[in-house]
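Just so you know, we're using the working numbering here: the sequence shown kicks off at 5 and counts up by one. Since the structure comes first, as structure tokens, the remarks are kept for the end.
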Amino acid sequence: MQKNTKSQIELSLLLGGQALRKRFPLKYGWLVLLLAVVVLWIMFSNPNVADHIAGKLAQLKNKVPTTEALIPTTRTLKRPTEPPKPTSFCSFHSVLPEDALELEFLKNYITWPETPSVPANFCLNDTSHPAHSTFTILPRDGGGSWHVGDQLEVLIKINDFLGRPKKSGGDVLFARLHNRTVQAGVVGKVFDHRNGSYTAVFSLLWEGSAQVEVTLVHSSEAVTVLERVNLEKPGRIFFQSLFRSGSVTEDANCNVCLKAPPEQLCNFTDTHTGEPWFCYKPKTLKCEHRVSHAFKGLVPHPTGNEAKLFQSGVNLKVSIPSSGSSKITILPKLKVPNETVPVNMSEAMRGAGPAGYYYQGAWRALDGTTVHQFNNATAISQCLKGKVLHLYGDSTVRQWIEFLIAKVPDLKKFDLKTPPKTGPLMALDYKNNILLTFRCHGPPLRAPPLPVSQFHFVANELDSVVGGTNTVVIFGVWAHFGVYPVEVYIRRLLSIRRAVVRLLTRAPDTLVIIRTGNPKKLTLRESLTTDDYYALQRDKILRAIFKEVNVRLLDAWEMTQAHYLPHDLHPPQPIIKNMIDVILSHICSQR
Numbered sequence: 005m006q007k008n009t010k011s012q013i014e015l016s017l018l019l020g021g022q023a024l025r026k027r028f029p030l031k032y033g034w035l036v037l038l039l040a041v042v043v044l045w046i047m048f049s050n051p052n053v054a055d056h057i058a059g060k061l062a063q064l065k066n067k068v069p070t071t072e073a074l075i076p077t078t079r080t081l082k083r084p085t086e087p088p089k090p091t092s093f094c095s096f097h098s099v100l101p102e103d104a105l106e107l108e109f110l111k112n113y114i115t116w117p118e119t120p121s122v123p124a125n126f127c128l129n130d131t132s133h134p135a136h137s138t139f140t141i142l143p144r145d146g147g148g149s150w151h152v153g154d155q156l157e158v159l160i161k162i163n164d165f166l167g168r169p170k171k172s173g174g175d176v177l178f179a180r181l182h183n184r185t186v187q188a189g190v191v192g193k194v195f196d197h198r199n200g201s202y203t204a205v206f207s208l209l210w211e212g213s214a215q216v217e218v219t220l221v222h223s224s225e226a227v228t229v230l231e232r233v234n235l236e237k238p239g240r241i242f243f244q245s246l247f248r249s250g251s252v253t254e255d256a257n258c259n260v261c262l263k264a265p266p267e268q269l270c271n272f273t274d275t276h277t278g279e280p281w282f283c284y285k286p287k288t289l290k291c292e293h294r295v296s297h298a299f300k301g302l303v304p305h306p307t308g309n310e311a312k313l314f315q316s317g318v319n320l321k322v323s324i325p326s327s328g329s330s331k332i333t334i335l336p337k338l339k340v341p342n343e344t345v346p347v348n349m350s351e352a353m354r355g356a357g358p359a360g361y362y363y364q365g366a367w368r369a370l371d372g373t374t375v376h377q378f379n380n381a382t383a384i385s386q387c388l389k390g391k392v393l394h395l396y397g398d399s400t401v402r403q404w405i406e407f408l409i410a411k412v413p414d415l416k417k418f419d420l421k422t423p424p425k426t427g428p429l430m431a432l433d434y435k436n437n438i439l440l441t442f443r444c445h446g447p448p449l450r451a452p453p454l455p456v457s458q459f460h461f462v463a464n465e466l467d468s469v470v471g472g473t474n475t476v477v478i479f480g481v482w483a484h485f486g487v488y489p490v491e492v493y494i495r496r497l498l499s500i501r502r503a504v505v506r507l508l509t510r511a512p513d514t515l516v517i518i519r520t521g522n523p524k525k526l527t528l529r530e531s532l533t534t535d536d537y538y539a540l541q542r543d544k545i546l547r548a549i550f551k552e553v554n555v556r557l558l559d560a561w562e563m564t565q566a567h568y569l570p571h572d573l574h575p576p577q578p579i580i581k582n583m584i585d586v587i588l589s590h591i592c593s594q595r
């Protein structure tokens with residue numbers, strides 16, 4: 005019976021093949037076979053078709069009864085440790101293969117202490133509250149009076165809204181020691197004991213009175229939300245490009261990465277640095293018709309109950325009261341060296357000194373730099389005589405070229421017919437042979453519309469600099485990267501570092517100065533973009549990446565935090581003047 009069945013099948017196939025050959029000659033059979041192969045290739049190579057087939061199979065699978073437990077719909081927001089799996093061929097979390105090890109090192113380097121989970125229905129009373137928290141000045145080790153050269157320790161205890169002690173760390177705290185009368189100030193280093201208590205350590209650097217100030221910038225619960233939002237919603241801020249061909253124009257949204265298959269995107273990834281940038285393809289125009297870049301808007305996160313963690317005057321950058329006196333008196337420096345450092349202080353605390361401090365309103369660096377005062381146009385011009393200064397970055401760097409143009413009458417701004425906020429800008433002093441230029445950094449710059457022809461990456465610009473003894477390169481890249489996962493910022497800085505190394509290799513006498521980020525005034529909206537927590541993490545990354553490179557670091561972070569004026573994204577003129585003094589002191593250190 006089985007043999008007969010097999011014979012019948014073979015006969016059917018033979019007859020069927022003969023019938024096909026009668027209907028389709030052999031040459032058409034090859035065409036049919038080729039067409040079938042092409043259809044199969046398209047089905048499995050196109051991600052949309054493949055995903056569609058997979059989705060249909062998943063639907064069929066879901067109809068089959070299962071014994072697996074149902075996943076609960078109630079979500080608890082824990083601080084994420086891994087980025088979500090990519091849903092597009094591009095990624096917010098990728099770096100060049102050769103940078104993978106350094107990426108992991110940097111991510112571990114900035115690891116923040118573990119923060120509490122934030123359930124969707126969390127209770128605000130359980131979170132950190134500055135008004136119920138306290139700080140206490142600890143007695144001097146060995147007793148006695150405070151002297152210049154000593155280190156002051158302050159114990160900070162964080163409580164919740166009901167006054168109960170917190171049991172974990174992760175709060176963002178700023179500490180400052182200051183004297184308004186003599187316009188003195190220095191930043192304190194804060195150490196997290198991860199049990200709800202913290203220690204702030206201050207170097208005592210001037211004689212007279214000094215007052216401690218401690219600020220809760222963010223609760224540990226807010227940090228949980230900030231971390232989650234940055235990983236889960238990296239595209240919450242978006243940009244738009246104008247495409248034009250003749251009288252036809254179209255707009256399209258753009259970003260570092262977009263959730264779409266390649267055929268629906270314009271890929272503007274920089275071929276030299278590998279920096280990614282994508283726009284959705286316009287409906288009728290071509291990718292080559294892109295003419296401008298502009299900031300479009302942002303999707304507000306966090307919202308609802310989570311927004312309670314970001315209330316100005318309640319738990320967002322609010323001062324913590326002292327449990328006793330917040331002031332001390334500092335006497336002149338003792339002549340006995342071994343009494344200047346408390347013996348019971350940990351090695352980590354002993355080694356954490358400030359970058360500098362203010363006294364009489366002037367910044368005094370502690371890194372060996374002698375900061376001179378350039379108080380008039382003549383002093384500035386003499387310092388810059390014969391120099392070429394190239395400035396790159398965001399608006400916090402643009403402030404410097406604007407300051408110099410305003411202070412030096414002979415330094416004339418040359419009208420390049422470019423947008424005043426993004427440039428490029430140029431200023432010339434023919435008499436003293438001084439040239440200043442400014443160019444904003446490339447995407448993701450949040451700015452009014454600017455031509456893409458003038459929208460360059462810093463690394464590419466540095467490769468066009470000849471360099472030399474009379475060339476100064478200054479850049480600051482930080483404020484526009486807080487909304488993205490740290491990989492985006494690390495990737496950008498590594499490409500800039502490679503360009504800096506190339507510049508210093510071909511022109512070792514070139515002076516390179518890097519501006520750090522700085523703290524700013526915070527609101528809920530500001531916390532979504534250039535938040536102090538994001539800026540603090542990226543500040544650590546910047547310092548680590550350029551640690552072994554022959555550059556000068558302008559510590560805008562401490563120069564802003566130590567000053568008595570309120571924090572601002574764009575520091576006020578007294579702080580800018582001190583920054584310019586530091587820059588000019590680097591330029592004219594040998595004059």
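A virtual CB, placed ideally from N, CA and C, is assigned to each residue, including glycine.
Inset, instruction - Answer with buried or exposed for K339, where buried requires no fewer than 16 other C-beta atoms within 10 angstroms of its C-beta. - result: exposed
Inset, instruction - To the nearest angstrom, report how far apart R184 and D154 are at their CA atoms. - result: Counting only the Cα atoms, D154 lies some 21 Å from R184.
Legend entry - Assigned exposure category for D55 - 16 Cβ within 10 Å defines buried: Residue placement at D55 cannot be trusted, given a pLDDT of 40 that sits under 50; the coordinates are not used to answer.
Legend entry - Neighbour flag for M563 against chain C, beta carbons, 8 Å: Among the chains in the structure shown there is no chain C, since it carries only a single protein chain.
Inset, instruction - Drop a sphere of 10 angstroms on the beta-carbon of F459, count the other beta-carbons inside from all chains shown, and report buried for 16 or more, exposed for fewer. - result: buried
Inset, instruction - Taking the CB atoms as reference points, tell me whether K300 and F243 lie closer together than 8 Å. - result: yes
Legend entry - One or two residues paired with I324 in a DSSP bridge: V218
Legend entry - K544 beta carbon less than 8 Å from that of I141: Contact flag unset, no.
Legend entry - S531 (DSSP reduced to helix, strand or coil): Looking at S531 - three-state DSSP - the assignment turns out to be helix.
Inset, instruction - Compare the Cα-Cα distances from W561 to each of E310, I518, Y202, R529 and report the closest residue. - result: I518
Legend entry - the region 165-180 / the region 108-128 touching (three or more Cβ pairs under 8 Å): Output reads yes: the region 108-128 touches the region 165-180.
Legend entry - DSSP state of Q364 mapped onto helix, strand, coil: coil
Inset, instruction - Determine the extent of the alpha helix (DSSP H) in which E254 is found, giving its start and end residues. - result: First-last for E254: 252-259, but that is the beta strand (DSSP E), not the alpha helix (DSSP H).
Inset, instruction - Following the continuous alpha helix (DSSP H) through R496, name the residue where it begins and the one where it ends. - result: 490-510
Legend entry - Limits of the beta strand (DSSP E) - the one that F479 falls within: For F479, the enclosing beta strand (DSSP E) starts and ends at 475-480.
Inset, instruction - Could you pull out every residue in the same chain whose Cβ sits closer than 6 Å to the Cβ of G471, ignoring the five residues on either side in sequence? - result: Only L507, A511, T514 meet the Cβ criterion.
Legend entry - Neighbourhood of L569 by C-beta, 7 Å cutoff - its chain only, sequence neighbours within 5 removed: P576, P578, I579
Inset, instruction - Tell me whether D433 sits in a helix, a strand or coil according to DSSP, three-state version. - result: strand
Inset, instruction - Measure from the alpha carbon of V122 to the alpha carbon of each residue in V487, K312, A410, I405, then state which is nearest. - result: Closest in C-alpha terms to V122, from the list V487, K312, A410, I405, comes K312.
Inset, instruction - Measure how close the beta-carbons of K524 and T509 come, nearest whole angstrom, since I'm counting them as under 8 Å. - result: Not confirmed; about 36 Å, so no contact.
Inset, instruction - Evaluate G397 with the Cβ neighbour count: other Cβ atoms within 10 Å of its Cβ, from every protein chain shown; 16 or more gives buried, anything less gives exposed. - result: G397 is classed as buried because its beta carbon has at least 16 other beta carbons within 10 Å across all chains shown.
Legend entry - Minimum C-alpha distance to E211 - residue among L181, N234, E254: L181
Inset, instruction - Would you list the one or two residues that DSSP bridges to A298? - result: Q244
Legend entry - Among C261, E279, T138, H445, nearest to G328 - alpha-carbon criterion: T138
Legend entry - Cβ distance (whole Å) where H151 is taken to contact K337 below 8 Å: The pair is a contact, with the Cβ atoms about 6 Å apart (cut-off 8 Å).
Inset, instruction - Can you grab the Cα-Cα spacing for the pair L320 / R443, in whole Å? - result: 34 Å
Inset, instruction - Write down every uninterrupted run of the beta strand (DSSP E) in the region 380-436 whose length is 3 residues or greater and which is fully enclosed by it, in chain order. - result: Within the region 380-436, the complete beta strand (DSSP E) runs of at least 3 residues are 392-397, 416-418, 429-433.
Legend entry - Spatially closest choice to L370 from V190, E102, R240, by CA coordinates: V190
Legend entry - Exposed unless 16 or more other CB atoms sit within 10 angstroms - verdict on M583: buried
Inset, instruction - May I ask you to report which of helix, strand or coil DSSP gives I75? - result: Note that I75 scores 27 on pLDDT, short of 50, meaning its location in the model is unreliable; the coordinates nonetheless yield the value given after this. Residue state, collapsed to three classes: coil.
Legend entry - Straight-line Cα distance separating V401 from I409: 13 Å
Inset, instruction - Could you name each continuous alpha helix (DSSP H) segment of 4 residues or more that falls completely within the region 565-594, going from the start of the chain to the end? - result: 577-591
Inset, instruction - Output the boundary residues of the alpha helix (DSSP H) element that contains F109. - result: 104-113
Inset, instruction - Quick one: measure Cβ to Cβ for P238 and F96, integer angstroms, because I've assumed they're closer than 8 Å. - result: About 4 Å separates the two Cβ atoms, so the contact holds.
Inset, instruction - Just mark G200 as buried or exposed, buried being the case when its beta carbon has 16 or more other beta carbons within 10 Å. - result: It is buried - the Cβ of G200 has at least 16 other Cβ atoms within 10 Å.
Legend entry - Minimum C-alpha distance to L388 - residue among V303, C592, D196: C592
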